[in-house]
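In case it helps, this note's numbering puts the sequence shown at residues 50 to 425.
The beta-carbon is built from N, C-alpha and C at its ideal position, and this holds for glycine as well.
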Amino acid sequence: MAYVHRILPGQLHHIDALQSIHKRGVPYDVISRRSFKRFIQHEQGALFVLEVLVGEHWLCVGYGILLYRKGSQLARLYSLVIDPSWQQQGLGSALLEYAEQQARHQHRVFLRLEVSIREEAVLDFCRQRNYVLLRLKPAYYQDLSDAWVLQKQLHFFDTACVPRVVPLLTQTTGFTCGPACLLMALAYYNLPCAEPGHEELEIWREATTIFMTSGHGGCGPHGLAGAAIKRFLQAEVWVSQAGPVMLESVRSQEKREVMARIQKHDIKKLKLAKVPMFQAAYSLERLRSDLAEGKLVLALISMYQFDRTKSPHWVLITSVDDYFVYINDPDDDLLPWQTTTERQYMPVPLARFMRAFSYGTSKLRAAVVVYYKKDT
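This is the structure:
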């Protein structure tokens with residue numbers, strides 16, 4: 050039997066019903082009256098209730114709690130419960146769909162939730178709706194039982210908005226993010242290479258700054274621009290500071306001198322090739338303009354905004370709209386729960402991306418704009 054239902058913001062008069070529903074639906078965990086009141090009044094979240102029409106009266110039979118964290122791409126579904134006597138009526142699906150839509154309205158890319166390991170039916174319910182397992186949280190509930198953490202991507206770029214989709218390629222080493230981004234651009238402009246694995250390392254050899262943090266050196270913007278024009282692309286370099294970059298990440302004076310020599314040589318070659326170089330911070334306005342002209346942008350970001358590490362990382366910017374910057378990220382280790390489709394044109398909220406779009410204490414902002422002209 051299908052029941053007429055409605056979903057609306059929770060009010061204080063719902064608290065008795067909320068406590069009763071939660072006690073029957075989640076007996077292994079407790080939410081106090083005080084907590085329900087706090088969730089109803091929460092400024093960075095929302096508590097909503099599902100009511101069904103029984104006769105002439107609306108009866109509260111379910112609820113959900115969404116929480117948002119400032120500066121995050123995540124929304125958290127703290128709790129979603131349907132009274133056990135009203136389950137198997139499609140009400141859980143309606144409530145979850147409402148929660149997802151609310152999170153989308155807040156421009157959250159992912160919705161995350163916890164499910165008790167004993168709730169196999171709920172786990173199946175979530176999997177059928179494209180939620181994926183991330184990890185196990187031991188002793189999560191008040192009875193010390195474990196919980197699965199699940200997540201779903203909510204926002205995807207509409208590829209119908211572009212004539213061609215930039216392919217996603219995964220870097221084959223831990224230090225070739227820049228070359229992998231350039232290979233994606235080459236493939237997009239119909240300049241693919243016969244042996245991409247070999248070419249990835251060749252580009253790295255041409256563009257490396259020699260020394261960075263521990264391990265192999267990363268690629269600099271001038272070196273990547275040189276590798277791009279060698280492969281028949283046009284390039285522009287935008288760097289917010291003069292001369293060699295990323296020297297501050299290396300303590301050794303000798304290594305810094307080597308890095309400086311390499312980059313000065315790269316800069317000299319770009320000048321001889323008359324490659325446009327701008328000593329300015331690449332802006333969001335310029336990004337919109339370049340993308341509108343069919344160009345792609347290799348951008349150096351700091352991973353601190355994403356995983357709290359301070360490592361530099363190259364990504365390829367493929368599109369932008371009023372809310373998101375869309376990137377192809379060559380490093381699949383950063384987002385192990387996502388499929389290839391989900392990592393392609395991955396949405397990053399504008400403000401979050403612009404915070405990440407700088408590296409080091411000097412707030413270096415570096416971008417290499419690439420495009421292709423048949424007559425060059």
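{"Query": "Chain-order list of residues whose beta-carbon lies under 6 Å from that of Val53 (same chain, five-residue window excluded)", "Result": "Leu102"}
{"Query": "Best match in Gly272, Ala124, Ala400 for proximity to Pro293 [C-alpha to C-alpha]", "Result": "Gly272"}
{"Query": "Residue from Gln122, Tyr117, Asp173 with nearest C-alpha to Ser142", "Result": "Asp173"}
{"Query": "Asn377 burial status per 10 Å Cβ neighbour count (16 or more: buried)", "Result": "buried"}
{"Query": "Rounded distance between the beta-carbons of Tyr408 and Pro379, thought under 8 Å", "Result": "Rounded, the Cβ-Cβ distance is 17 Å, inconsistent with contact."}
{"Query": "Cβ pair count under 8 Å reaching 3, the segment 227-244 against the segment 391-408", "Result": "no"}
{"Query": "C-alpha gap between Pro228 and Val324, whole angstroms", "Result": "19 Å"}
{"Query": "Leu144, enclosing alpha helix (DSSP H) - first and last residue", "Result": "140-154"}
{"Query": "Residue of Gln328, Val364, Val110 minimising C-alpha distance to Gly59", "Result": "Val110"}
{"Query": "Local Cβ density within 10 Å of Ala66, reported as buried at 16 or more and exposed below that", "Result": "buried"}
{"Query": "In DSSP terms, what Ile376 is bridged to", "Result": "Ile366, Met395"}
{"Query": "Same chain only: Cβ atoms within 7 Å of Leu231, ignoring 5 sequence neighbours per side", "Result": "Ile252, Leu273, Ala276, Ala277, Leu347"}
{"Query": "Inter-residue spacing [alpha-carbon to alpha-carbon] between Glu70 and Ser128", "Result": "As written in the sequence, residue 70 is Ile, which differs from the Glu given in the question. Those two C-alpha atoms are separated by around 12 Å."}
{"Query": "Every unbroken alpha helix (DSSP H) inside the segment 242-323 [4 residues or more]", "Result": "245-256, 270-279, 302-321"}
{"Query": "Beta-carbon proximity list for Ala47, same chain, < 6 Å, skipping 5 on both sides", "Result": "The first residue shown for the chain is 50 and the last is 425, placing residue 47 beyond what the model contains."}
{"Query": "Through-space distance from Thr208 to Arg157, alpha-carbon basis", "Result": "19 Å"}
{"Query": "Beta-carbon gap between Gln191 and Tyr77 smaller than 8 Å", "Result": "yes"}
{"Query": "Gly94: first and last residue of the uninterrupted beta strand (DSSP E) it sits in", "Result": "94-103"}
{"Query": "Short CB-CB distance (under 8 Å) between Arg392 and chain C", "Result": "Although the question refers to chain C, the structure presented lacks it and comprises just one protein chain."}
{"Query": "Stretch pair the segment 113-124 + the segment 81-101: three plus CB contacts closer than 8 Å", "Result": "yes"}
{"Query": "Segment contact flag, the segment 152-167 with the segment 194-204, C-beta cutoff 8 Å, min 3 pairs", "Result": "yes"}
{"Query": "Helix, strand or coil at Leu199 [DSSP, three-state]", "Result": "strand"}
{"Query": "DSSP-derived helix/strand/coil call for Gln328", "Result": "strand"}
{"Query": "Buried or exposed (CB count within 10 angstroms, at least 16 for buried), Ser368", "Result": "buried"}
{"Query": "Spatial neighbours of Asn179 in its chain, beta-carbon cut-off 7 Å, leaving aside the 5 residues before and after", "Result": "Lys201"}
{"Query": "Beta strand (DSSP E) runs contained entirely in the segment 162-225, provided each spans 3 or more residues", "Result": "181-186, 196-202"}
{"Query": "C-alpha distance - His106 paired with Arg213, whole-angstrom precision", "Result": "53 Å"}
{"Query": "Cut-off 7 Å between Cβ atoms - residues of its own chain near Ile123, not counting five sequence neighbours on either side", "Result": "Looking at the sequence itself, residue 123 is Leu, so the reference to Ile does not match. Only Arg157, Phe159, Arg161 meet the Cβ criterion."}
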